[in-house]
Each structure stands twice: as C-alpha cells, then as structure tokens.
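Chains as they are written, first to last, in the working numbering: chain A, 1 to 95; chain B, 96 to 272.
Note that CB positions come from ideal geometry on N, CA and C, so glycine has one too.
Shown next, in structure tokens, is the structure this report addresses.
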Amino acid sequence: MALVTLLAALYAHFGEVDALRRSLAGVTCAAAGLLISAVVRMMAPLVKKREILLLLVMAAVFVAVGWLRLPLAWVLLVAAPISIAISSAARRQAA
Amino acid sequence: MSSDQDPLFSLISTFALLSLFAIGGANAAVPEMHRIAVDVHHWMTEKQFADAFAISQLSPGPNVLIVTLIGYAVAGVAGALGATLAMCVPTAVLAYFVSRRLARSGASRWPAVIRAALVPLSIGLMAASGLVVAQAADKTWLAALVTVIVAIVAATTRFNPLWLLLIGGALGFAGVI
C-alpha cells in the first residue's frame, strides 16, 4: 500500500506528462480487454450447463450497472433475491 | 465544515458501504466507483479514473489498490489510508461472521445455493466493469481494436496478463493508440 501511495504521489506530479498519459491510456485499453476475457472465462460453465435464467440475471445486472449506470446497492438488492430464488429452485429440481 | 461536505468523511462512508456490495471483488465494483468518483462527486475526471485503474492493474498486489488511488486523489495520504481501510475492514468483518455461521450450519443447502446465486451477479458486474473501462479508455477505433485483441488473446491463451498490459502501454507510449 505504501508503494501505491508513492505511485499516486508520482502520478499527481507527473500525470500531466504527455508520454505517461499516452502509456497509461494504452494500459487501460489492454486492461479492459483482460476484464472482458475474465468475463468470458467465468461465463463458460454457465453456458455449458445451459443455465438460461442465471445468464439472464447476469445480463440484467450488466445492463443495469454498466449501461444504465444505476447505483450498485439497488441493483443488487433486487437481483440477489431473484438469483437466490432461481438457484434454490434449480437445486430443488435436481435433488 | 459539516460532515457531509467533508470529502474524507464521504470518501470513507462511501467505500465502507461499497465494500459490502462488492460481490466479485474490487474489479466488479469499478462501475460503482466510477459513478461515485466521476459522476456524483466529481472527485476525478474520466481520464484520471482510467489512469487510476491502469495503475492498480499494473501494480503487484490486490485490485483493491484502485481504492487507494481514488482516496489519494481526493484527500492525499489520509484519503489513501482511509479509503483503503474503509474498503477492507467492513467486508473482512462480514466475511468472518459469515464463515463462522457457515461452519456451524453443517448440512444446510443454503451455503451452496447462495454461492451459486452470487456467480451470475459477479459476472454481470465484471462485464459492466469491462464496459465502463472500455468506454473510458477506447476513444479511437484502434484503441477498441487493442481491447478486443487483448480479450481474445487472454481468453484463449495462457499468455501472462502483465505482458498484455505492458504491450498496451508500449503501444500508447509509441502513440499508436
């Protein structure tokens, strides 16, 4: 954490330097790609098991938070009970 | 100064609350952090937020470091420390009590149900993070192309993610993106 605070201080001083700005922008582009690849990897089991309802919950959370930029707390207070109900029903059916 | 105008106070209360909703870790909370830091409180510009995210991904250690960077931007060293503790302590306390309960619940079916229920939530949040970061970073078609290529390479190979970040940085430095 001390290291990152140092980085933050360095950024505060040198953040306006053009080469640094461009480099960080490049890193961010790549980091967005890494996030997307993590999503693809985590989705794979749900797709394989044809968990349509859970995939719909996932898509709804994505649209609400990523697209509509709704507050996280409200989205989860709605989505979590729905998701729990779906997984509970699925488990009862499997048993 | 009243307490709801004190940036350090609102920083700490914001992240303490956020930490309880950050299903899937700090990366899943990126859209909410962006909403709070850029849209609601105007603590940072879009560019500063994107830079903070980039630095937190490059740094060794947990992704929660983006919180440290936001805290520093708002209130210096005190902000960095306060925001980081606010993000870590409540969730650690919660995890402690939940795991104690789980240990006692024995053969109950609920732990497995809840674990399964959290998976789509955290993936949806992670996807939202991807969108928010991509929107902040990809201002040109070439930049968007780099994002897509990195996503494909990272999803299909075991190439070290740090190299992909550094290659992205080098492309940015060279002025390609």
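Next on the checklist: Can you pull the chain A neighbours of Leu-197(B), defined as C-beta to C-beta under 9 Å?
Outcome noted: Position 102 of the second sequence, counted from the first residue, corresponds to residue 197(B). Those within 9 Å of Leu-197(B) in chain A number zero; the least Cβ separation is about 15 Å.
Checklist entry - When Cβ atoms are compared, which residues of the segment 55-67 of chain A fall closer than 9 Å to chain B? => result Leu-55, Leu-56, Val-57, Met-58, Ala-59, Ala-60, Val-61, Phe-62, Val-63, Ala-64, Val-65, Gly-66 and Trp-67
Checklist entry - Residue ranges of each alpha helix (DSSP H) run of no fewer than 4 residues wholly in the segment 202-230 of chain B, ordered along the chain? => result none
Checklist entry - Any beta-carbon of chain A closer than 7 Å to the one on Glu-141(B)? => result Position 46 of the second sequence, counting from 1, holds the residue named residue 141(B). It does not: the Cβ of Glu-141(B) has no partner Cβ on chain A nearer than 7 Å.
Next on the checklist: Just to confirm before moving on: does the CB-CB distance between Val-188(B) and Pro-126(B) stay below 7 Å?
Outcome noted: Locating residue 188(B) in the second sequence gives position 93, counting from the first residue. Locating residue 126(B) in the second sequence gives position 31, counting from the first residue. The answer is no: Cβ separation not under 7 Å.
Checklist entry - Do you know offhand how far Ile-107(B)'s Cα is from Ala-90(A)'s? => result One-based indexing of the second sequence puts residue 107(B) at position 12. One-based indexing of the first sequence puts residue 90(A) at position 90. Ile-107(B) and Ala-90(A) have their C-alpha atoms some 39 Å from each other.
Checklist entry - Using a C-beta to C-beta distance shorter than 8 Å, which residues of chain B count as neighbours of Val-40(A)? => result The sequence position of residue 40(A) within the first sequence is 40, counting from 1. What Val-40(A) touches in chain B: Ala-246 and Ala-250.
Next on the checklist: Under 7 Å, Cβ to Cβ, is there at least one residue of chain B near Ala-94(A)?
Outcome noted: Position 94 of the first sequence, counting from 1, holds the residue named residue 94(A). Taking Cβ atoms only, chain B never reaches closer than 7 Å to Ala-94(A), which makes this a no.
Next on the checklist: Suppose you measure from the CA of Val-17(A) to the CA of Ala-170(B); what does that come to, to the nearest Å?
Outcome noted: For the purposes of this step, residue 17(A) is identified with residue 17 of the first sequence, where counting begins at 1. For the purposes of this step, residue 170(B) is identified with residue 75 of the second sequence, where counting begins at 1. CA-CA distance, Val-17(A) to Ala-170(B), rounds to 22 Å.
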